[in-house]
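Letter by letter, the sequence shown follows residues 442 to 498 of our numbering.
Here a beta-carbon is modelled for each residue, glycine too, at the ideal position from N, C-alpha and C.
Here the structure is a predicted model, which is why all the values come from computation and not from measurement.
Below: the structure, in structure tokens.
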Amino acid sequence: MKAIRIEEPKRITIVDLPMPVIEREDQVIIKIAAAGICGSDVSIYIWEPVLLSPIQG
442 MKAIRIEEPK
452 RITIVDLPMP
462 VIEREDQVII
472 KIAAAGICGS
482 DVSIYIWEPV
492 LLSPIQG
């Protein structure tokens, strides 16, 4: 599967990773059709400190 890895400030690479393995019957693998970038992703890309908080919802 493809993944985006932030190697260092302002340097992103697309890498191939092995597919995850389902280990329990309550797990699933989903196929992503589209993805987006939010404001905190931009802060990580330019290597600014990010306020980390639990994901809501």
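Residue i lies in the alpha helix (DSSP H); which residues open and close that run?
i: aspartate 467; result: Here aspartate 467 belongs to no alpha helix (DSSP H), and DSSP marks it neither H nor E.
i: isoleucine 478; result: Where isoleucine 478 is concerned, there is no enclosing alpha helix (DSSP H), given that its DSSP letter is neither H nor E.
Take residue i and list the residues in its own chain whose beta-carbon comes closer than 8 Å to its own, dropping the five residues that flank it on each side.
i: methionine 460; result: Met442 and Ile470
i: glutamate 448; result: Thr454
i: leucine 458; result: Met442, Lys443 and Ala444
i: tryptophan 488; result: Glu449, Pro450 and Lys451
Where does residue i sit, in a helix, a strand or coil, going by DSSP?
i: valine 456; result: strand
Note down, in chain order, each residue of its chain lying with its Cβ closer than 6 Å to the Cβ of residue i, except the 5 sequence neighbours on either side.
i: valine 456; result: Ala444 and Arg446
Residues bridged to residue i by DSSP?
i: alanine 444; result: Val456
i: glutamate 449; result: Arg452
Under the criterion of a Cβ to heavy atom distance below 6 Å, does residue i qualify as lining the ligand SAH?
i: isoleucine 485; result: This structure simply doesn't include the ligand SAH, nor any ligand for that matter.
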